[in-house]
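Please read the structure below before turning to the comments.
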Amino acid sequence: MAQQLYVPAGSAARDGFDLVVTPESAGWGFSSLRTLTLPPGGERTFATGQDEVLVLPLAGSARVEVDGEVLELAGRASVFEGVTDFAYVGRDSELTVASAAGAVLSFPGARARRRLPFRYGPASGVPVELRGAGRCSRQVNNFATPQAFETDKLIACEVLTPAGNWSSYPPHRHDRTSDVESELEEVYYFEFRGLGPEGTPRVDDGVGYQRVYGEADRPVDVLEEVRSGDVVLIPHGWHGPSMASPAYDMYYLNVMAGPADERAWKICDDPAHGWVRSTWEGVPVDPRLPLYGAPAAADAPA
């Protein structure tokens, strides 16, 4: 059966989670993602099994407990309003998440070999990077990239694209192991924010578009209209652009993992489009960026 690469919001809800993508459901070997809405006073316990996971607040704050050890996550109001802190939970663990005021949490994950310790990732330690130029400008929160945070297999980041811009551009791939490329499966999870007069948030249903395409020996063909809560799975192939419509800022969470012993994020541009990078020289980054930066360093929670 062909892989279902576009996962509309709500279509992969299971066991009380808003979204469940596992290696088994995706038809691949490593990357996973869950999301969960906790009402005020809500609590949920589940086992990680073979996967390492992060507890990454999308909105709200949370308490995370593993083996009697507790971390308090300050979180954020929304993905468009700040970098968040997060928790790492190793494979073969049982975790409990709770929120006094309510929260929306994501759990980026990867099938792992080593069981690493439960620990805290401060928001102040997240490298915030601006990529591209002009209408190809975007912000990347590199919270769990290889240089920023240790995991066994998992690589994850957040990308914020101002309304009307293209990101994940030029189209690129990472589906082979070589000196210039890593073999990584990837999950894209989307959210959108509309801004009305004087920058006031709107509650309209934001929209964007995601392109994925392959080669003759490894075909894949995706062009989907995406909305908040939607997911696109990328087992292989060129992916990009991710296009934000003119009325809506776009957020996506990238979750990646693969079989290589080295945890590395190396990409290869589509040679038909990679030349566009040369046109960015001297072109400023979109002045709307960064939407926000990482907060000043603070002590980790007790």
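Residues in the sequence shown are numbered consecutively from 302, following this note's numbering. Just so you know, even glycine gets a beta-carbon here, dropped at the ideal spot from N, CA and C. Remember, predicted model here, so these are calculated numbers, not experimental data.
Let's test the definition: count the other Cβ atoms within 10 Å of the Cβ of residue i and tell me whether it reaches 16, buried, or not, exposed.
i    : result
A603 : In this prediction, A603 has a pLDDT of 46, which is less than 50 and means its spatial position is unreliable; what the coordinates show is noted afterwards. Its Cβ having fewer than 16 others within 10 Å, A603 is exposed.
P542 : buried
S312 : exposed
W576 : exposed
G342 : exposed
D352 : buried
P340 : exposed
M302 : Note that M302 scores a pLDDT of 36, beneath 50, so its modelled location is shaky and nothing firm can be said.
A314 : exposed
R564 : buried
Output the distance between the C-alpha atoms of residue i and residue j, rounded to the nearest integer angstrom.
i    : j    : result
F347 : P358 : 17 Å
P423 : E370 : 17 Å
E344 : P463 : 34 Å
T446 : D522 : 27 Å
V365 : P418 : 14 Å
V460 : E451 : 20 Å
V380 : P547 : 19 Å
A310 : R528 : 8 Å
G317 : T349 : 15 Å
D319 : V398 : 15 Å
G435 : G383 : 23 Å
R416 : G391 : 5 Å
Y470 : Q440 : 13 Å
H473 : G515 : 11 Å
H574 : W539 : 11 Å
S579 : Q511 : 23 Å
C437 : S326 : 33 Å
A601 : Y421 : Low local confidence applies: a pLDDT of 46 at A601 is under 50, so the model's placement there is unreliable, and no value is given.
A388 : E525 : 32 Å
E492 : G361 : 15 Å
P520 : E499 : 45 Å
Q448 : Q305 : 32 Å
W581 : D571 : 17 Å
V367 : A457 : 21 Å
W467 : L592 : 16 Å
V586 : D506 : 27 Å
P588 : H475 : 30 Å
Rank the options by C-alpha distance to the C-alpha of residue i and give the top, closest one.
i    : options                   : result
A558 : P324, R420, D319 and D570 : P324
E373 : R528, A404, S479 and R392 : A404
V513 : R503, L534 and T501       : L534
N442 : R335, L406 and R432       : R432
A295 : R412, P309, G426 and L455 : Nothing in the structure corresponds to residue 295, since the chain is present only between 302 and 603.
G495 : G410, P472, L485 and M551 : M551
R477 : V584, W566 and L592       : W566
Y490 : Y593, E499, D531 and F387 : D531
V481 : G361, D386 and I568       : I568
L590 : L337, Y510, E430 and G583 : E430
A377 : D393, V367 and S400       : Reading off the sequence shown, one finds Arg at residue 377, where the question assumed Ala. Closest option to R377, Cα to Cα, is S400.
A517 : T501, H537 and P498       : H537
P596 : D393, Y553, P428 and S394 : P428
Three-state secondary structure (DSSP) at residue i?
i    : result
T580 : helix
S362 : strand
G538 : coil
R482 : The sequence shown places Glu at residue 482, not Arg. Here E482 sits in coil by DSSP.
A348 : strand
S407 : strand
E353 : strand
G426 : helix
L310 : The sequence shown places Ala at residue 310, rather than the Leu named in the question. The answer is coil: DSSP assigns A310 none of H, G, I, E or B.
G497 : coil
G343 : strand
P463 : coil
A603 : Its pLDDT being 46, under 50, A603 is placed unreliably in this model, and the value from its coordinates should be taken loosely. Coil, per DSSP.
G435 : strand
E525 : strand
S326 : helix
G376 : strand
G575 : helix
G515 : strand
Report yes if the CB atom of residue i is closer than 8 Å to the CB atom of residue j, and no otherwise.
i    : j    : result
V508 : V556 : no
F331 : R414 : no
V354 : A363 : no
D386 : A402 : no
A545 : G465 : yes
L396 : L337 : no
F408 : L334 : yes
E484 : A561 : yes
L455 : G497 : no
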